[in-house]
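Just so you know, the protein sequences line up as chains A and B, in that order.
The opening residue of the first sequence carries number 15 in this note's numbering; numbering runs sequentially from there.
The opening residue of the second sequence carries number 377 in this note's numbering; numbering runs sequentially from there.
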Amino acid sequence: MLWLCILLPPLDRAALHNLALWALQWSSQVSPHWLADEDSARATALLWLEIGASRQLFGGASALRAHIATGLAALGYEAHLGIAPTPQGAALLARAGHDEPVASLSVLHARLQPLPLALLALTPAQHAALRSTGLETIGELLAFPAAALARRFGPDTSAYLQRLCGERPEPLRMLQPPPQFSSRCEFSGALTDTTALLFPLQRLLAGLQGYLRSLDRAVQRYTLRLEHRGHAATCVEIGMARPTRAAAQLLTLARERLAALTLTGPVQALSVQAQEFLQPLVLQLDCFAPGIQHSEQLQTVIDRLVARLGDAAVQTLRIAADHRPERAWSALAAQPKHAMTTPPVAAALPVAAVLPSLRPCWLLPQPRGIDRPGQLLAGPERIESGWWDGADIARDYYLARGTAGAHWWVYRDLRSGAWHLHGLWA
Amino acid sequence: MSHAIMMKRHEERAAVLARLGEACQSVRGDGRSGDHDDSRARAAVQPTEFAQLDALLPGGGWPVGAITELMPEVAGIGEISLVLPALAALGRAGRSVAWIAPPFLPYPPALLRHGIALEQLLWIQAPDARTALWATEQALRCPAIGAVLAWPEGVDDRRLRRLQLAAESGGSCGLLYRPQACAREHSPAALRLLLRAAATGLHIDIHKARGGRTHAVVVHPAAAA
């Protein structure tokens, strides 16, 4: 067993819970501890991670320590780390500022020798008892036999020293990953600006990323819940083109959505919730780069555009088998609602079969009535269609010369005789 | 002139232009085959596929990783057909093309006739000019998008510079359609073209070409008639 201890600055229980979820990506054995009286809202906290099993995955204990330190710094936490074969040993080394991982009990014992007694995790009364003896270093204290220590300083101190040195197991309660993800952050003062939500959101999404990595899962949608005082919370659904677990990507989409959001009131608390977990597609497909890299980049930009403009604003175009010009096309959301259920792309129709003649590059969204069609250059092409669905048309289309040499696609309605501009040969 | 004759003329022109395009490629040794050294050497342009125009443009095509301004006198003179051969080539190379808030519908039956890969076309609508500009910048930054067509309104030199930088970072062709009045204003665009209808075809004034000379030429986009 090898333990890594993360000694954290004072924070509240919810923040510790979120960090514990974040830490699951490094180890399946994570134990959060909150060192405070029950009535205090914030206290010094620590996380223990068993890294004996996982360190090789991350390139050894020192490399893993560096990964975790970098991650914590990115989240804005000033933390101290220690690595030792016992949880209490790791915590003590973290307090002492010992960077070097200690892998064996004998090295731990040697490392503890010169350290001051003040580093021991004991109560003020227990510390006072130790000071009264005139001892100064942990080495001097550990030189006493266990029975003598228990007699002199009480069974608790003795038991602690045994746990420190690995002679007695540490009773730890491990975090069980919950079946659904929920993490919350409460603000000391209400926030009135959505940009102020981004930093706490970044931390919550880091928790989500760690949680998803530990389960080897990804999400395609998650919910942001903005809590207000005195009225209903604002829920923002964030959806993605394909499942992901990259916190940066999750954050980018949320940023776009928040930027477009008008707050209904000051925000008291923020939470992130995710319920549906999917296989991560991205990692499995990494090997097919660069084609996949292109499609990844494209999906990322489509996600961003959809987050700000909405599904209906980001589309691809298709032709449709209909003679009526305004129905000879259709648009389809560029972002599939669910990556798992993407409908197969409709088989391409033979171009010649669907496209009877040349058509202009621009079609007007609505035909525009015009008094005179200009000089008719070619035509007519008669289009009579749609008698079966009530939207039938009967028109003669012409190529016409409009203003400044522009080429227009115009038609005369065969029933009313009125001229319309329907397209431009741009 | 009968409709049939008109259409025949269209098709003849398309065929002539296609042959010209092939001739251009053989002269240049055709970089689209995937020869890396060659494509890097010519990485700065995407051929317009109009031989007469490519011959006048620095590098021989639309500047890549830069902004091009197209300023037509009016809509409907062949200003879109002018860029379609290059967009079709980008599609064949597997890159997407984004149309940001176009003034009319890019009509799929026509685009398909021009060889545009519809599945690689992104049609993006925006509620206002500011959002459209934001979307333009996002699209320009994406390396998977080979060209971005946009109709920016109320952009100044500073905004154009942002778009220019975005195009540089994404390595895409930024094709901005702007009114001719903008030609008087200074612009960081690598290429600025004034377009008007010619008796037959499209008259192009090269108003500014970074690393080249100003010039004028008439081309015949297939659908400009």
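Using N, Cα and C, we set each Cβ at its ideal position, and we do this for glycine too.
- Contact check between the region 281-289 of chain A and the region 221-236 of chain A: three or more CB pairs, one atom from each, fall below 8 Å, which counts as touching.
- For the pair ALA261 of chain A and LEU226 of chain A, the CB atoms are not nearer than the 7 Å cut-off.
- Counting C-beta atoms within 10 angstroms of its own C-beta, GLN43 of chain A has 16 or more neighbours from the protein chains shown and is therefore classed as buried.
- Classified as buried, TRP433 of chain A has 16 or more neighbouring CB atoms from the shown chains inside 10 Å of its CB.
- Two segments are said to touch when three or more pairs of C-beta atoms, one from each, lie closer than 8 Å; by this definition the region 117-124 of chain A does not touch the region 30-43 of chain A.
- Residues of chain A whose Cβ lies closer than 7 Å to the Cβ of GLU449 of chain B are, in chain order, ALA418.
- One alpha carbon belongs to ALA523 of chain B, the other to ALA566 of chain B, and they sit about 15 Å apart.
- With respect to the C-alpha of HIS112 of chain A, the residue from A:GLY96, A:PRO101, A:LEU323, A:GLY103 having the closest C-alpha is A:GLY96.
- At a cut-off of 7 Å, the C-beta of ILE333 of chain A has a neighbouring C-beta in chain B.
- Apart from sequence neighbours up to five positions away, the residues of its chain that approach ARG239 of chain A with a beta-carbon distance below 6 Å are ALA247, CYS249, SER285, ordered along the chain.
- Chain A has a Cβ within less than 7 Å of the Cβ of ALA520 of chain B.
- Counting along the chain, PRO214 of chain A sits inside the alpha helix (DSSP H) bounded by residues 212-229.
- DSSP, reduced to helix, strand and coil, places PHE167 of chain A within a helical segment of the structure shown.
- Chain A has a Cβ within less than 7 Å of the Cβ of LEU488 of chain B.
- Cβ-Cβ distances below 7 Å link ASP430 of chain B to CYS400, PRO423, THR424, GLY436, GLY437 in the same chain, with the five nearest sequence neighbours on each side left out; the list follows chain order.
- Three or more pairs of CB atoms, one per stretch, sit closer than 8 Å, so the region 195-212 of chain A contacts the region 269-284 of chain A.
- At a cut-off of 7 Å between C-beta atoms, PHE480 of chain B counts as an interface residue with respect to chain A.
- In this structure, DSSP gives ALA523 of chain B an extended state, which the three-state scheme calls strand.
- By the C-beta density criterion, PHE195 of chain A is buried, having at least 16 other C-beta atoms within 10 angstroms.
- In the three-state reduction of the DSSP assignment, PRO482 of chain B falls in the strand class.
- In the three-state scheme derived from DSSP, where H, G and I count as helix and E and B as strand, CYS19 of chain A is classed as strand.
- At the C-beta level, GLY388 of chain A and ARG415 of chain A come within 7 Å of one another.
- One alpha carbon belongs to GLY148 of chain A, the other to THR100 of chain A, and they sit about 27 Å apart.
- Looking only at B:ALA543, B:GLU455, B:GLU561, the smallest Cα-Cα distance to LEU446 of chain B is reached by B:GLU455.
- Looking at the backbone, the Cα of LEU122 of chain A and that of ARG27 of chain A are separated by about 31 Å.
- Under the three-state reduction of DSSP, VAL531 of chain B is assigned to coil, being neither helix nor strand.
- In this chain, the alpha helix (DSSP H) harbouring ILE82 of chain A covers 75-88.
- Taking all protein chains in view, the Cβ of ALA161 of chain A is surrounded by fewer than 16 other Cβ atoms within 10 Å, so the residue is classified as exposed.
- Pairing PRO128 of chain A with GLY73 of chain A, the inter-Cα distance amounts to about 30 Å.
- Comparing alpha-carbon positions, the option among A:GLN70, A:ALA93, A:SER68 lying closest to ILE20 of chain A turns out to be A:ALA93.
- Taken in chain order, the whole beta strand (DSSP E) runs of length 3 or more contained in the region 248-304 of chain A are 248-258, 281-288.
- Here GLN514 of chain B is buried, its C-beta having at least 16 other C-beta atoms within 10 Å.
- Across the region 373-402 of chain A, CB contacts with chain B closer than 8 Å involve ARG373, PRO374, CYS375, TRP376, LEU377, LEU378, PRO379, LEU391, ALA392, GLY393, PRO394, GLU395, in sequence order along the chain.
- Along the region 458-514 of chain B, the alpha helix (DSSP H) occurs as fully enclosed runs of 4 or more residues at 460-468, 484-489, listed in sequence order.
- Taking each of B:LEU516, B:PRO478, B:HIS596 in turn and checking the Cα distance to ALA442 of chain B, the smallest one comes out for B:LEU516.
- Taking every protein chain shown into account, the CB of HIS562 of chain B has fewer than 16 other CB atoms within 10 angstroms, so this residue is exposed.
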